Structures are given as C-alpha cells and as structure tokens.
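Just so we're aligned, residue 148 is where the sequence shown starts under my numbering, counting upward by one.
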Amino acid sequence: MKITHIDCHVLLVPDVNIEASSSAQDDIIVEIHTDEGVTGIGESDVNPWIARACIEARGTHTMGQGLSEMLRGQDPLDVEGLWERLYIGSAMNGRRGALIHALGALDIALHDLRGKALGQPCYQLLGGEPRPTITPYASLQPEVSSFTAYRDSMVEWALLAQQQGFQAAKLEATFSGPYRHHGLYESFERVTEVIAAVRDAVGLDFTLMVDLQYAFPDADTCLRTIRDWQTFNLFFLETPLPSDDLTGYARLTQEQPIPIAAGEWLATRFEFLGLLDQGMISVAQPDVGRVGGLTEALRVCELARERGRLIVPHAWKTGITIAAAAHLAAVTPHCPYIEFLPAELSSSRLRREVVSDRLKLHNGQIILPSTPGLGIELNREALKRYSVA
C-alpha cells in the first residue's frame, strides 16, 4: 500500500465573529488517500490556511520540504517512521509552531488509516493495555455578550451537563485578559463570582475546572486573585499565565494549593519538557493535533508519567480531535479526563455537523468504539457546505 495524495479541507462558518476567543469557527481537515482505497482523516487546531500551506508547499532542498510531497509514495502503515521523516525533512521550516500542528493533523490521519487497514481501532495499536471507557468533562463557553448573561448561562449549562450525566465540567472564564470572548471586559475578581455561582448550583460532589485563557499578566496578580479559590475545590486551573512564563508557573505551583494545568498550544515533547520541569505544572494538556499527532502525544504522556503528573488532553475542535484524545486516553492510565464538547452545549456548527458518527456519552462515560481507526466518519454534506478556498 502506498500513499497517493492528500486532500486539505479548509472550513469556515459563514458568520465569523472576530471578537470570539474560540477557534471552533474554522478547521483544517486532511484526508490521506492510498492506492488500495483506504483513507485516513485528521485535523488540527491551527489557522487552516497556514496549515494547508505547510502541507502543500513545494520544497526546494532537503532541509525544508513540503509535508505532502514527503508522504507521497510512502507506506502509510509506517506511522512512526513517517513522523520522523516529516519532522526531519521540514526542520528548517518548522520544528515548532504551525508546521508541527499541520504535521499533527497528518499523523492523526495516518493512525486512522493504519487502524482501518488492519481492521483495528487506534487504541489497540498504540501500545499498553487499553481501558474500555473514558471519563469526559464538559467544556462550557456560552456565546453571550454581557457578564450577567455569561454568569447565568454558565450556571444553566453546568446544570444541563450534570443532568446529561457528566461528572465534571470546565468553565471557560473568558472575560478578562488578552483573549476576552465577544469583547467582554470585567475585572479579575468577577471570575470568582462565576465560579461561586456554578459551585453553589452543582454542589460539592461535581468536579469543576476553570480555564483562565492566559488572563493574568504575572504570577503576583494571579496569586492575589485566586488566594481564596481553594474553597471551591477545583480540580485544576488552566493556563492562568502566558505559556512562556515558566518561572511564573513554578511560583503558582509552589505558593498555592490548586493544581495548575497548561500545554494546549505547545508543539512537540521538547516544549513540554520546559513546562513540566521548569514550570512545574501538575497537569499537562497536549492537544493531539497541535502537539504533533498521536505519535508525539504518546511521548508527552510518557514524560508526564515519569514525573508523576497527570494528562488531560485539550480537544476544542470537532469529533475528530475528541476521538483522537479518547484513543490516547485509553492507553494512558494517568489521564483521568478528556475534554468533551457535547453538541447540545456547543454553538459551533462545525462541532455539531462535520462528524456524522460522534462518540457518545453513556452514564457519564465514553465507551470506546470497536470500529477500525478513530471510529468516526465525516459528514460529506457538511464538509462541502463549509469548505472555502
């Protein structure tokens, strides 16, 4: 079997809101085709036009080749070998950032393709002893434009998630800092108000996490704001500081008791080394696409295991990424949760429509599919509807 060609689908919703702090309005979906008719699908959370350029670009020398041209004619079952080929062959162009995110989409597709070719679900081919179910948390970000509506919607959504069987939820506190949602601007202290309202509504037995989306400029400001949050019994605080403030992250871990989580934007295990060792985070959050695919995500999981840290994958795109994260979690014992975006609690058309056979929640658990590959299929009508040049 040989790879013949790669299709890149750039997707965009028609009503883009440039003030949103959500990347669920666009997508890059790749399909890797073979001469035997087996196809693998993948995606990544990155600007789709940049990712497509990284994949389709023509190389002019051995140190900066295009990703697609390096895959054509190769054996798609040699997934790990192809990862090294792509990483080394594009090293002058990438090694980090958008090129690795694009590589990650291709790697997910290769894992899907290999599973389909061998008649096995991906988790059976990743090594380790897979567990049959995964615990998801509901990721909540209301699409409203006032603080009062945001707070009240967050309470409503958290209660709905609880009623649907979720055992945990993450609150996207996106109305402070540089990545405010829908132009909201509130003081850091009002985050406390939202957490208190949700905790009061769902009770103490429901697990809560909070995503701060890099809101605080420094550790001192963060520590002043969160000093009383331990009463909320939070499972973790996600990305309170800029990703590169490793000293600040270490201070947060050392000077307050709530576990700190980060890593959604990082590419390759090499970036995670700094966040784990210097930043001292408690929870590593590789996004399977952004980090470099399932192949590289497994390496990050091993780094976390060696250091006694948890893995909770980031998964903000469609059911493709959620499925990849679920397969990763299946062979990662130190992964207590994955991020999950139920269609009923998502305003993203792409999340609701692009994947026709999404993973389902049963009694608070995701039962892993026994079908080959990732176990999901594309909705071709939605793919056509949202594709742009």
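Each residue gets a CB set at the ideal place from its N, CA and C atoms; glycine is no exception. Please read these numbers as outputs of a predicted model, since none were measured by experiment.
Contact between Pro483 and Val459 is confirmed by a C-beta separation of about 7 Å, below the 8 Å threshold. Annotated three-state conformation of Cys155 is strand, per DSSP.
Here Leu287 is buried. Its C-beta has 16 or more other C-beta atoms within 10 Å. Your pair Ala477 and Pro277 checks out as a contact, with CB atoms roughly 4 Å apart and the cut at 8 Å. For Phe335, there is no enclosing alpha helix (DSSP H), since its DSSP letter is neither H nor E. About 4 Å separates the beta carbon of Asp259 from that of Gly520, a gap short enough to meet the 8 Å contact definition.
Pairing His461 with Gln432 gives a Cβ-Cβ distance under 7 Å.
Here Glu203 carries a helix assignment [DSSP, helix/strand/coil].
The beta carbons of Leu233 and Met210 sit no closer together than 7 Å. Inter-residue distance for Asp225 and Ala204 is about 23 Å (C-alpha atoms, whole angstroms). In its chain, beyond the 5 residues on either side, Asp192, Glu411 and His461 have a beta carbon closer than 6 Å to the beta carbon of Asp434.
The beta carbon of Leu492 lies closer than 7 Å to those of Ala285, Leu287, Trp304, Leu307 and Ala308 in the same chain, with the five residues before and after it left out.
The bridge partners DSSP lists for Lys263 come to none. Each residue's CA atom was taken as its position, placing Glu443 and Arg452 some 14 Å apart.
Nearest Cα to Leu525 within the set Val535, Ala470, Glu418 and Ala536: Ala470.
About 10 Å separates the CB atoms of Ile235 and Gly241; that is not less than 8 Å, and the two are not in contact.
Ala238 carries a coil assignment under DSSP once its states are collapsed to helix, strand and coil.
A contact is defined here as three or more CB-CB pairs under 8 Å, and the region 334-348 meets this definition with respect to the region 366-376. Its chain contains Val478 as the residues whose beta carbon lies nearer than 6 Å to that of Gly275, once the 5 sequence neighbours on both sides are disregarded; these appear in chain order. In the three-state reduction of the DSSP assignment, Met217 falls in the helix class. Shown here, Tyr396 sits in a helix according to DSSP, grouped into three states. A direct Cα-to-Cα measurement between Ala256 and Glu178 gives close to 7 Å.
Annotation: Gln512 is outside any alpha helix (DSSP H); the continuous beta strand (DSSP E) that includes it extends over Gln512 to Ile514. Remark: three or more beta-carbon pairs, one from each stretch, lie closer than 8 Å, so the region 348-367 and the region 378-395 are flagged as touching.
Bounds of the beta strand (DSSP E) holding Val177 are Asp173 to Thr181.
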